[in-house]
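Student:
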Amino acid sequence: MVRLAKFNENNFIDSAIAVAAQCGVGAVSMAAIAVKAGAPIGSVYHRFDSRNAILARAWLRVKSDFREEVASRWLGGDTWAGVHGLLDWCRRKPVYARFLLQCADSPDFSSGLSEELLAAVEEEQAALDACFVRCAEAMPATTELDLDHMLLKFVLIDAPVAVVKPYLTQERPIPASVDAMLRASHDAVRGWAAHTTSH
1 MVRLAKFNEN NFIDSAIAVA AQCGVGAVSM AAIAVKAGAP IGSVYHRFDS
51 RNAILARAWL RVKSDFREEV ASRWLGGDTW AGVHGLLDWC RRKPVYARFL
101 LQCADSPDFS SGLSEELLAA VEEEQAALDA CFVRCAEAMP ATTELDLDHM
151 LLKFVLIDAP VAVVKPYLTQ ERPIPASVDA MLRASHDAVR GWAAHTTSH
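Take the sequence shown: its letters are residues 1 to 199, numbered as in the UniProt record's numbering.
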């Protein structure tokens, strides 16, 4: 019989995500990943040639999941659907959400990657940026494009992240009251923007 490998790439990517989410990206090392996975460190090196390579694969997994489940809702310009999707994603996948929070405050880990992996990271970021651009294009135009993009980023990302971050970092459930709070903020900002546009 063929003996199946006890550990595979997914085990180590999951472990890297978990370590980064819990302790920060700086805590991710080949040894920490091995300990988290319960695997010999040689098994990690057998599948990944560096810490940055496994972090990049982890980033790709989480970011593509975010894009498919959250940013895809931005495309029609329905900003509340995007905010609601982000809340839902954070509740269902808090480890992924904490991973992204940790990456936002970490040094760049893309150095030393293979050309193929670096291209994949750049392509994923471009795909996410395209979702934002398409949302902006679907919105009523203002006379100031920078203001338009700043408001959109605030509504879709900055405000929701600021509200959910304390719950995620403390590993507490996000309460239902957050939805009402963000809906009020969302509607107020959108209403102000519409008023500004019409004058």
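C-beta: ideal position from N, C-alpha, C; glycine also.
In the DSSP assignment, find the alpha helix (DSSP H) that holds A34 and state where it starts and stops.
Tutor: Here the alpha helix (DSSP H) through A34 covers M30 to A37.
Student: Among the residues of its own chain, which have a CB less than 6 Å from the CB of G24, if the five just before and after it don't count?
Tutor: Q102
Student: Give every residue of the same chain whose Cβ lies closer than 6 Å to the Cβ of W80, excluding the five residues on either side of it in the sequence, and list them in chain order.
Tutor: H186
Student: Is it buried or exposed for K63, if we count other Cβ within 10 angstroms and need 16 for buried?
Tutor: buried
Student: Beta-carbon within less than 6 Å of V83's beta-carbon, same chain only, minus the 5 sequence neighbours each way: which residues are those?
Tutor: P160, L182 and H186
Student: Look up S114 in the DSSP assignment and say whether it is helix, strand or coil.
Tutor: coil
Student: Should the region 63-75 be called in touch with the region 118-136, which here means at least 3 C-beta pairs below 8 Å?
Tutor: yes
Student: What first and last residue would you give for the alpha helix (DSSP H) that runs through L60?
Tutor: R51 to E69
Student: Which residue from V178, G112, V189 and L100 puts its Cα closest to that of A58?
Tutor: L100
Student: Are there three or more Cβ pairs, one per stretch, closer than 8 Å when the region 104-114 is compared with the region 40-52?
Tutor: yes
Student: Would W192 be called buried (16 or more neighbouring beta carbons within 10 Å of its own) or exposed?
Tutor: exposed
Student: Exposed or buried, N11, counting other C-beta atoms within 10 Å across all chains shown (16 or more means buried)?
Tutor: buried
Student: Where do the N-terminal and C-terminal ends of the alpha helix (DSSP H) with P94 fall, by residue?
Tutor: P94 to A104
Student: Is V155 near V189, with beta carbons less than 7 Å apart?
Tutor: yes
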